[in-house]
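Notes to accompany the following structure.
Below is the structure:
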């Protein structure tokens, strides 16, 4: 076997190993994150203003559109759990981007538990 053939084979093997270990090929949580985000958004929308209306925030007065997080914050103490669920989704996204699928699933589970408690 010549040196160039050996180097080519080593290069191919390394390429295959690096490609197989890539986080992009691991099972992604992206669809689950989107599904839980939609459920959480619906819960936040449903709860928005349930305890009455509060004065408009400075952001609202400046014409900024509300986000799920700002709506949950506006709910005060009743929105704290929803903020925790949003934080869990943020951690799930970060874990998914880094290829930590187990961590992603764990954070999704936490967000789902909060949603289930809110539904009761």
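In my numbering, the protein residues as written are 371 to 490. For each residue, glycine too, the CB sits at the ideal point set by N, CA and C. Just so it is clear, the structure is predicted and the values come from calculations on it, not from any experiment.
1. Using beta-carbon positions only, say whether residue 488 and residue 413 come within less than 8 Å of one another.
2. Could you check if residue 477 is buried or exposed, using at least 16 other CB atoms within 10 Å of its CB as the buried criterion?
3. Do the CB positions of residue 465 and residue 480 come within less than 8 Å of each other?
4. Can you tell me the Cβ-Cβ gap for residue 483 and residue 410, rounded? I've got them flagged as a contact below 8 Å.
5. Take residue 392 and list the residues in its own chain whose beta-carbon comes closer than 7 Å to its own, dropping the five residues that flank it on each side.
Checking against the coordinates, here is how it stands:
1. Walking along the chain shown from the start, residue 488 turns up at place 118. Walking along the chain shown from the start, residue 413 turns up at place 43. Their beta carbons are under 8 Å apart, which means residue 488 touches residue 413 by this criterion.
2. Walking along the chain shown from the start, residue 477 turns up at place 107. Within 10 angstroms of the beta-carbon of residue 477 lie 16 or more other beta-carbons, which makes it buried.
3. Your numbering for residue 465 matches position 95 in the chain shown. Your numbering for residue 480 matches position 110 in the chain shown. It is not a contact, given that the beta carbons lie outside the stated cut-off.
4. For the purposes of this step, residue 483 is taken as residue 113 along the chain shown, with counting starting at 1. For the purposes of this step, residue 410 is taken as residue 40 along the chain shown, with counting starting at 1. In fact, because the Cβ distance is near 12 Å, the residues do not count as touching under 8 Å.
5. Here residue 392 corresponds to residue number 22 of the chain shown, with the count starting at 1. With a pLDDT of only 49 at residue 392, under the threshold of 50, the placement of this residue in the model should not be trusted; the figure read from the coordinates follows. By the criterion of a C-beta distance shorter than 7 Å, residue 392 is surrounded by no residue of its chain, once the five residues flanking it on both sides are discounted.
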